[in-house]
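To start, the structure itself, in structure tokens.
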Amino acid sequence: MKTFEQKLKIGRLGEDLISRWFRSFGWNVVPAYETSIDSGKGPRFFAASGDNIVSPDLLIFQGREFRWIEAKHKSAFTWYRINESWQTGIDRRHWNEYLKVREQSKLPVYLFFLHEPGHVAKDTPDGMTSPSGLYGESIDVLKDKIDHESALHGPSGMVYWKEQDLKKYAEYAMILERLKCLSCAYHKVDPRACGMCADVFCKNQKSPVAETQDCDILPAE
Numbered sequence: 013m014k015t016f017e018q019k020l021k022i023g024r025l026g027e028d029l030i031s032r033w034f035r036s037f038g039w040n041v042v043p044a045y046e047t048s049i050d051s052g053k054g055p056r057f058f059a060a061s062g063d064n065i066v067s068p069d070l071l072i073f074q075g076r077e078f079r080w081i082e083a084k085h086k087s088a089f090t091w092y093r094i095n096e097s098w099q100t101g102i103d104r105r106h107w108n109e110y111l112k113v114r115e116q117s118k119l120p121v122y123l124f125f126l127h128e129p130g131h132v133a134k135d136t137p138d139g140m141t142s143p144s145g146l147y148g149e150s151i152d153v154l155k156d157k158i159d160h161e162s163a164l165h166g167p168s169g170m171v172y173w174k175e176q177d178l179k180k181y182a183e184y185a186m187i188l189e190r191l192k193c194l195s196c197a198y199h200k201v202d203p204r205a206c207g208m209c210a211d212v213f214c215k216n217q218k219s220p221v222a223e224t225q226d227c228d229i230l231p232a233e
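In our numbering, the protein residues as written are 13 to 233.
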């Protein structure tokens with residue numbers, strides 16, 4: 013079993029990868045999770061109403077478009093035997109807090125799950141491997157697609173969704189290649205001259221700073 017420090021390190025790695033991935037598509041990133049390092053507490057959202065709410069990890073913006081992003085880094089999807097499906101989830105208390113953030117801030121809130129390749133979760137049938145990659149969806153969509161809740165895991169229970177109810181944004185290897193590509197000489201001179209950036213990751217995108225409606229990284233509100 014991983015220690016708290018190990019889990020924190022893994023979580024920070026996932027947040028960093030997801031943060032850099034958004035930046036590669038022209039989003040500016042405010043890492044709210046950084047505020048929790050010294051205090052030992054999660055990032056907070058202090059609403060005008062007086063509520064002290066758990067904040068998602070990232071606030072990203074591009075022009076006048078703003079999004080809250082909760083970034084989760086996990087080794088594998090869970091195999092849910094009752095309906096034979098791959099599922100992933102978050103702490104139930106945090107889920108309820110993110111619903112409040114959506115209501116109070118009026119900004120879209122997204123959950124993103126980065127699942128590593130090659131891992132086998134508990135109860136996985138023989139011969140099957142957990143899906144991997146970057147998955148995400150807005151909580152406006154997810155609130156109507158909750159598969160089940162469980163009080164058996166986590167300090168406040170868990171909320172779970174099926175893999176098929178999440179949008180897959182990228183393969184894990186493609187994320188690493190994209191981030192590697194961003195430091196290449198071609199990209200620094202002219203992103204459009206880099207075939208990896210222009211052609212592989214977003215067919216409609218002429219540059220990593222293209223508008224979101226052209227690239228479909230996140231839909232415009």
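By construction, the Cβ of each residue, glycine as well, lies at the ideal position given by its N, Cα and C atoms.
Item	Value
Residues that residue 82 bridges to, as DSSP identifies them	123
In DSSP terms, what residue 97 is bridged to	92
Outcome for residue 57 when other beta-carbon atoms lying within 10 angstroms are tallied against a minimum of 16	buried
Beta-carbon proximity of residue 154 to residue 124, cut-off 8 Å	no
Among 28, 86, 191 and 34, the one whose alpha carbon lies nearest that of residue 79	34
Reduced DSSP secondary structure (H/G/I, E/B, other) of residue 28	helix
Where residue 162 sits in the DSSP three-state scheme	strand
Classification of residue 185 by the beta-carbon crowding that lies within 10 angstroms, buried from 16 upward	exposed
Counted within 10 angstroms of its Cβ, other Cβ atoms place residue 163 as buried (16 or more) or exposed	exposed
Collapsed DSSP secondary structure at residue 117 in the structure displayed	helix
Presumed contact (8 Å Cβ cut-off) between residue 172 and residue 99, rounded CB distance	5 Å
Straight-line Cα distance separating residue 144 from residue 134	16 Å
CB of residue 97 within 8 Å of CB of residue 175, strictly	yes
C-alpha distance - residue 197 paired with residue 31, whole-angstrom precision	Bear in mind that a pLDDT of 49 at residue 197, under 50, signals an unreliable position, so the number given afterwards is only what the model happens to contain. Answer to the nearest angstrom: the Cα atoms are 22 Å apart.
Endpoints, the beta strand (DSSP E) within which residue 70 is located	70 to 74
Helix, strand or coil at residue 103 [DSSP, three-state]	strand
Local conformation of residue 183 per DSSP, three classes	coil
Outcome for residue 141 when other beta-carbon atoms lying within 10 angstroms are tallied against a minimum of 16	exposed
Proximity below 8 Å, CB of residue 122 to CB of residue 148	yes
Residue from 190, 169, 151 and 168 whose Cα sits closest to the Cα of residue 179	151
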